[in-house]
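Chemist: Residue numbers (my numbering): 3 to 79.
Quick reminder that beta carbons are idealized off the backbone N, C-alpha and C, glycines included.
(1) Pair every Cβ in the region 20-27 with every Cβ in the region 49-68, then say whether three or more of these pairs are closer than 8 angstroms.
(2) In whole angstroms, what separates the C-alpha of residue 40 from that of residue 56?
(3) Closest to residue 5 by C-alpha separation, out of 64, 73, 79 and 74, would be which residue?
(4) Which stretch, first to last residue, makes up the alpha helix (DSSP H) that contains residue 28?
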């Protein structure tokens, strides 16, 4: 099974975050996510470790992993 790329994960985080703040302009979403990217990267590598060990599949990685960090970020926003 293909490993999810960081870009795929980031785009899913962005999509889930934006669902919670639909009135924000895309530029603001991008600015905020870049500002908080350390959290996105940490979540990506944590999920990648679980994926590589077989604990989670690609779908869980890109849905569960991305939505959980997006939820944290929207609460911090």
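Modeler: Walking through what the data contain:
(1) Too few Cβ pairs lie closer than 8 angstroms, so no.
(2) Locating residue 40 in the chain shown gives position 38, where the first residue counts as 1. Locating residue 56 in the chain shown gives position 54, where the first residue counts as 1. Taking the straight line from one Cα to the other gives about 24 angstroms.
(3) Counting from 1 along the chain shown, the entry for residue 5 is found at position 3. Nearest option by C-alpha distance: 64.
(4) Your numbering for residue 28 matches position 26 in the chain shown. If you look at residue 28, you'll find it in the alpha helix (DSSP H) that goes 28-37.
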